[in-house]
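Residue numbers (my numbering), protein chains in the order written: chain R, 302 to 602; chain G, 302 to 602.
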């Protein structure tokens, strides 16, 4: 089924103990579409400046990603982020951020995307998330992300967004900040009370938790030896999750559990190299093999 | 098969956001024996002062724990620890510690315990760990714990201990400090190179990792809503692990994996209440039920 993502498209500069990548392709919508596209075709909605390198557009065009919603805004500059990972590399330290075009008016969902059924609203201002959503006629499953900034400064608007989505994918810090609960199962339960049918809470190297009205599941990260750049891990997780749901056309708990596994596995590929480098050479067989390996690892009966 | 533990027996005072417990029974050997005793009879070796309350001895006697190796040393004071948990409660803050009798000469393994086959050397000076081990005639499986203090101050002695044990159960901070590797799979692999056949690395609320020569597995913690006092979680984990191995009389990877699940489940009970309160009313049925629930939670095929 059709899968639409709205979010950032950026140019990243990243340092980690394993190297440095200068002005590489990044952004939530990019990582999301790239990973989701291994499961289902993706429609991308986002905006960049006219400085956006054509070769980065080509990288996305190599996958079944419909760029019909990619606006290249004349006279504007693309979003840029510079970050650094240290130590256990569980959290990025932002060295510099230039919102550029992301500080201007949001993109539009093109008419031929209005019939999209599975929607991922990557992190942006919660009011813009609802605006974008209102441009989709009859979505079947809407999932959103958010960030600490909106939890602090736009709580009311965020709560309004949470009332109209079916699912939330956030990280542990955001879940705790949003609910005031330190225990992540309790935090997940509190998020459910705000509207969504499910909450997936990402814990970086520690895996993820999913809470629904009557089910709680905690999964480990794929035990990865190679972690060179965690940038985009969270959006790759979301891409694996939504990609699987859209491919299956189902949103029941059993399918959500399968999606949780796909999200975990896709994140484990992304972090193996800087930017999209690992994903660019990824094959469907490698994904299936790692999913099998992960499922076998967790089978104890 | 016979299971012996050497470690601390203490009187703890613990505060958490959920309450306060004054002068309650604690110590690594106590949490270990109590949880392991649900799987196999336990032989305890440890030393307390003559201030050790008789009612705490009785608590242990209610389980199949052989106190033949419990020395009550006249004129000495029992080990005391005061700690506090805050926020996500993943790590205890030590407020006060009085080693007391633990700073004197170590206990002895009584002759009738010398034929013990499964041995857990809870955290203590690595030289004392080897001394105690030398009093056991032909152990089949020896597992040790350690702590940051010995990694820093007694590295050579600790490395000698690691050369003579079959397995290690440590927490993530210790594994990283011991190996200098931030990635826990790599840390586990490095520990294996130091001698042990397996390394289990505990990550508190984030679960645990096991690494052997040809297998790496990461498991989540049991998704617990009730976490009132994490004291003893790590030793309860070890108790579940060694208890299961001793009960099965096997140490192959498949049995180690099953043991990893039992350790995880036993820790999840311990943290539900202060001191041994939850464990004191625990039933075998509750353990089996939670193991089943955990195994089902992780079954994705």
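Cβ atoms here follow ideal geometry from the backbone N, Cα and C, with glycine treated the same way.
- Assignment of residue 545/G by DSSP, reduced to helix, strand and coil, places it in the helix class.
- Residues of chain R with a Cβ closer than 9 Å to the Cβ of residue 600/G are, in chain order, 596, 599, 600, 601, 602.
- By a beta-carbon distance limit of 8 Å, residue 512/R does not contact residue 527/R. Their separation comes to about 30 Å.
- Against chain R, the CB of residue 526/G has a partner CB under 8 Å away; the residue lies at that interface.
- Excluding residues up to 5 positions away in sequence, 327, 328, 379, 380, 381, 382 lie with their Cβ nearer than 7 Å to the Cβ of residue 311/R in the same chain.
- The secondary-structure analysis by DSSP pairs residue 367/G across a beta bridge with 344/G.
- Within the same chain, and ignoring the five residues on either side of residue 490/G in sequence, the residues whose Cβ sits closer than 7 Å to its Cβ are 512.
- Taking all protein chains in view, the Cβ of residue 415/R is surrounded by fewer than 16 other Cβ atoms within 10 Å, so the residue is classified as exposed.
- Residue 499/R holds the alpha-carbon nearest to the alpha-carbon of residue 469/R among 448/R, 499/R, 481/R, 457/R.
- Under the Cβ criterion of 8 Å, residue 316/R is not counted among the residues facing chain G.
- With respect to residue 454/G, residue 475/G sits apart: the two C-beta atoms are not nearer than 8 Å.
- Residues of the same chain with a CB within less than 7 Å of the CB of residue 574/G, apart from the 5 flanking positions on each side, are 529, 530 in chain order.
- Residue 532/R and residue 576/R have their C-alpha atoms some 7 Å from each other.
- Taking residue 403/G as the centre and dropping the five residues before and after it, the same chain places the C-beta of 309, 380 closer than 7 Å to its C-beta, in chain order.
- With a 10 Å radius around the Cβ and a threshold of 16 neighbouring Cβ atoms, residue 584/G comes out exposed.
- Residue pairing for residue 472/R: DSSP places it in a beta bridge opposite 503/R.
- Interface annotation for the stretch 486 to 502 of chain G against chain R: 486, 487, criterion Cβ-Cβ distance under 7 Å.
- The alpha helix (DSSP H) runs lying completely inside the stretch 414 to 473 of chain G and spanning 4 residues or more are 427 to 434, 449 to 454, 456 to 465, given in chain order.
- Below the 7 Å Cβ cutoff, chain G contributes 524 as neighbours of residue 510/R, in chain order.
- In the DSSP secondary-structure assignment, residue 380/R is bridged to 311/R.
- Per DSSP, the continuous beta strand (DSSP E) segment holding residue 324/R begins and ends at 320 to 327.
- In the DSSP assignment, the residues bridged to residue 350/G are 374/G.
- Counting along the chain, residue 510/R sits inside the beta strand (DSSP E) bounded by residues 509 to 513.
- The Cβ neighbour count for residue 395/R, taken over all protein chains shown within 10 Å, is under 16; the residue is labelled exposed.
- For a Cβ distance threshold of 7 Å, residue set 601 of chain G lies close to residue 558/R, ordered along the chain.
- Contacts between residue 388/G and chain R, judged by CB atoms closer than 7 Å, involve 483 in chain order.
- Contact annotation: the stretch 418 to 435 of chain R touches the stretch 455 to 464 of chain R, with at least three C-beta pairs closer than 8 Å.
- In the displayed model, residue 552/G falls within coil according to three-state DSSP, outside both helix and strand.
- If you draw a straight line from the Cα of residue 324/G to the Cα of residue 357/G, it is about 11 Å long.
- Interface annotation, residue 504/R: in contact with chain G, CB-CB separation under 8 Å.
- In chain order, 508, 521, 522, 523, 524, 598 make up the part of chain G whose C-beta sits under 8 Å from the C-beta of residue 519/R.
- Under the 10 Å beta carbon count, residue 507/R is surrounded by 16 or more other beta carbons and is classified as buried.
- Rounded to the nearest angstrom, the Cβ distance from residue 517/R to residue 524/G is 5 Å, consistent with a contact under 8 Å.
- The secondary-structure analysis by DSSP pairs residue 394/G across a beta bridge with 385/G.
- Under the DSSP definition of a beta bridge, residue 495/R lacks any partner.
- For residue 443/R, not one C-beta of chain G is nearer than 8 Å to its own C-beta.
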